[in-house]
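Numbering (our numbering), first residue to last: 1 to 281.
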């Protein structure tokens with residue numbers, strides 16, 4: 001509750017100052033009162049929303065039955081969903097599908113139509129046509145960039161030497177996809193193969209030998225969101241943390257869906273068949 005108290009104290013200090021500035025600018029008491037009522041109403045709604053959200057969170061933390069219900073839901077997740085399988089015949093094709101952007105395919109024909117309109121429509125407004133041409137070129141360049149899927153191209157360049165081995169491991173790997181929305185390019189996911197682990201977010205794709213992953217753990221965090229300092233809601237986020245040997249970062253963190261982070265951590269901490277055979281030998 002301490003963060004909420006600090007924000008309320010901040011509002012108590014800031015709102016009178018804001019109202020005083022409004023009065024200095026307009027010299028209208030009715031307008032100051034109107035703005036004050038609106039601000040106080042929004043503040044009270046936001047504070048009440050945040051207070052009850054925190055209370056519900058505290059109640060869940062002290063509820064002894066939550067862990068049992070969570071375990072039951074996890075077992076149902078394993079039975080009904082679990083890991084996915086790779087559907088395409090190559091890793092590159094599968095990754096391109098996962099990054100294919102709806103925005104790019106919408107903007108590309110629109111930019112072409114705008115370009116054609118600026119070129120062929122007879123109009124004496126040269127400044128307007130020039131502005132339209134600039135917008136068409138910029139939108140078209142951005143759309144082409146999204147459609148060419150630079151993340152996959154960069155990944156293949158960075159791991160060129162290992163791509164055949166990564167591809168073979170990927171095609172037989174266990175897949176998890178965290179879908180953020182309707183646009184696949186915003187998703188993140190992981191492929192756990194026998195030899196390599198490939199994981200990606202909306203910006204980059206990474207690969208590591210499975211033997212180089214020293215440990216993996218999962219965690220859940222409650223993320224609170226604020227707009228102009230006022231509480232606008234919260235979301236529970238689920239993360240997978242991987243400690244990779246001789247990596248440039250001590251921990252690689254990937255956001256996944258509920259229970260996906262746990263099943264991925266358990267699989268990564270389990271030795272692969274190849275590692276078990278090496279140990280037995």
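Cβ coordinates follow ideal geometry from the N, Cα and C atoms, glycine included.
As the structure is a computational prediction, the values presented were derived from the model and not from experiment.
Taking C-alpha atoms, which residue in the options lies nearest to residue i?
i, options, result
"residue 267", "103, 195 and 125", "195"
"residue 198", "220, 174 and 238", "174"
"residue 247", "206, 85 and 256", "206"
"residue 160", "92, 224 and 135", "92"
"residue 116", "94, 140, 33 and 151", "140"
"residue 184", "149, 218, 33 and 157", "149"
"residue 163", "215, 99, 95 and 182", "95"
"residue 231", "20, 44 and 21", "44"
"residue 240", "101, 35 and 216", "216"
"residue 138", "122, 114 and 126", "114"
"residue 182", "98, 262 and 222", "98"
"residue 218", "224, 243 and 204", "243"
"residue 166", "145, 193 and 142", "193"
"residue 226", "110, 47 and 21", "47"
"residue 136", "146, 112 and 34", "112"
"residue 262", "122, 71, 50 and 49", "71"
"residue 260", "110, 224 and 74", "74"
The beta strand (DSSP E) with residue i in it runs from where to where?
i, result
"residue 83", "Note, residue 83: premise wrong, no beta strand (DSSP E); not H, not E."
"residue 177", "174-178"
"residue 188", "188-192"
Need the endpoints of the alpha helix (DSSP H) that residue i sits in, please.
i, result
"residue 269", "260-269"
"residue 141", "126-147"
"residue 154", "150-158"
"residue 162", "Where residue 162 is concerned, there is no enclosing alpha helix (DSSP H), given that its DSSP letter is neither H nor E."
"residue 92", "91-99"
"residue 103", "102-120"
Are there any heavy atoms of the ligand MG lying less than 7 Å away from the beta-carbon of residue i, as far as the coordinates show?
i, result
"residue 126", "This structure simply doesn't include the ligand MG, nor any ligand for that matter."
Which partner residues does residue i have in the DSSP bridge list?
i, result
"residue 237", "221"
"residue 255", "239"
"residue 196", "209"
"residue 59", "Note: residue 59 sits in no beta bridge, so no partner."
"residue 325", "As shown, the chain starts at 1 and ends at 281. That puts residue 325 outside it, with no answer to give."
"residue 231", "226"
At least one CB of chain C closer than 8 Å to the CB of residue i: is that the case?
i, result
"residue 202", "In the displayed structure, chain C is absent; only one protein chain is listed."
- Looking at C-beta atoms only, is the number of pairs between the segment 125-136 and the segment 209-225 that lie closer than 8 Å three or more? No, the segment 125-136 is not in contact with the segment 209-225.
- Is the segment 97-113 in contact with the segment 59-78, if contact means three or more CB pairs nearer than 8 Å? Using a Cβ-Cβ distance cut-off of 8 Å, the segment 97-113 and the segment 59-78 are not in contact, since fewer than three pairs of beta carbons, one from each stretch, lie closer than that value.
- For the segment 173-188 and the segment 254-271, state whether three or more C-beta atom pairs, one from each stretch, are separated by less than 8 Å. Output reads yes: the segment 254-271 touches the segment 173-188.
- Message: Across the segment 157-171 and the segment 84-91, are there enough close Cβ pairs to call them in contact, namely three or more that are closer than 8 Å?
- Response: Counting Cβ pairs under 8 Å, three or more are found: they touch.
- Just checking, does the segment 224-244 make contact with the segment 144-162 on the three C-beta pairs under 8 Å criterion? Verdict: no, contact absent.
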